[in-house]
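Undergrad:
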Amino acid sequence: GGIALGSSNGVGISSSVIVSSGTTTALLAQNAEITHSTSFSGKAHATQDINAFGISAAGGGNNGVAGVATVITSTNSVEALLALNTSVVSTGNVTVAASNGFDTFSLAGGAAGGGSNGIGAAASVVTLDNITRAALADGTSSADAVTIAAPGVVTISADASETGKTFTAAGAAAGSNAV
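At position 57 of the sequence shown the residue is numbered 58 (my numbering), and the sequence of numbers has no breaks.
1) I need the boundaries of the beta strand (DSSP E) containing Q49, first residue and last residue.
2) Report all residues from its chain with a CB closer than 7 Å to the CB of G13; omit the five preceding and five following residues, and keep chain order.
3) Considering only residues of the same chain and omitting the five flanking positions on each side of V20, which have a CB-CB separation below 6 Å?
4) With respect to the beta strand (DSSP E) encompassing L137, which residues constitute its N-terminal and C-terminal limits?
5) Taking V79 and T25 to be in contact with their CB atoms under 8 Å, please state how far apart those CB atoms are, rounded to whole angstroms.
6) Out of G176, A99, A109, I132, which has the shortest C-alpha to C-alpha gap to G55?
7) Reducing DSSP to helix, strand and coil, say where A150 ends up.
8) Do you know offhand how far I51's Cα is from S142's?
9) Can you tell me where the beta strand (DSSP E) holding G7 begins and where it ends?
10) Measure how close the beta-carbons of N178 and G116 come, nearest whole angstrom, since I'm counting them as under 8 Å.
11) By the 10 Å Cβ neighbour count, where 16 or more other Cβ atoms means buried, how is I175 classified, buried or exposed?
12) How many Å lie between Q31 and A70 at the Cα?
13) Terminal residues of the continuous beta strand (DSSP E) containing G176?
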């Protein structure tokens, strides 16, 4: 946060910037074989829980200016993959699953006061570019195909959830002009 007071002018500026990036992978590598299993589970899971807070205030006998910004950027990848030419033989179920949870809370507040002029500004930005994927490799021939032999349930799933709360407020007071 930023706070500024001046007998003539006060300028308070604050920012909070959070960049989250990462990779979570469950991978059965190329040419791997699971030959005897009672079940097979390849799962990748990630969760991001991000909070950003920014507050600024300013006051001056003549002019008060306060500005604040919060920025959250997320570029996370969560993947569960069976690569080329892999084989899974199971007497039970086979699961390939990816899940990615994203939750954010952002608060930005700015207030300014001045004897003549007051300007208060606030902004909050959340940008997501997350990837959640569960997949079997796309072989170009039967020689590099993924094979699964199982009498049970074969599940391939990808699940992403994104929730966010963003609160932004700005205010100003002045004897002549307030923005």
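Beta carbons are placed, not taken as given, at the ideal position from N, Cα and C, and that holds for glycine.
TA: With the given structure in hand:
1) First-last of the beta strand (DSSP E) with Q49: 41-61.
2) Cβ neighbours of G13 within its own chain (closer than 7 Å, five residues either side excluded): G3, I4, A5, S57, A58, A59, A67.
3) Answer for V20: T74, listed in chain order.
4) Looking at the DSSP string, the run of the beta strand (DSSP E) that includes L137 is 132-137.
5) Indeed, because the Cβ distance is near 5 Å, the residues count as touching under 8 Å.
6) Closest by alpha carbon: A109.
7) Collapsing the DSSP output to three states places A150 in a strand.
8) One Cα belongs to I51, the other to S142, and the distance between them is close to 44 Å.
9) For G7, the enclosing beta strand (DSSP E) stretches over residues 3-7.
10) Rounded, the Cβ-Cβ distance is 11 Å, inconsistent with contact.
11) It should be noted that the sequence gives Ala, not Ile, for residue 175. Looking at its Cβ environment, which holds 16 or more other Cβ atoms inside 10 Å, A175 is buried.
12) So the two alpha carbons sit approximately 46 Å from each other.
13) Counting along the chain, G176 falls outside any beta strand (DSSP E), and DSSP gives it neither H nor E.
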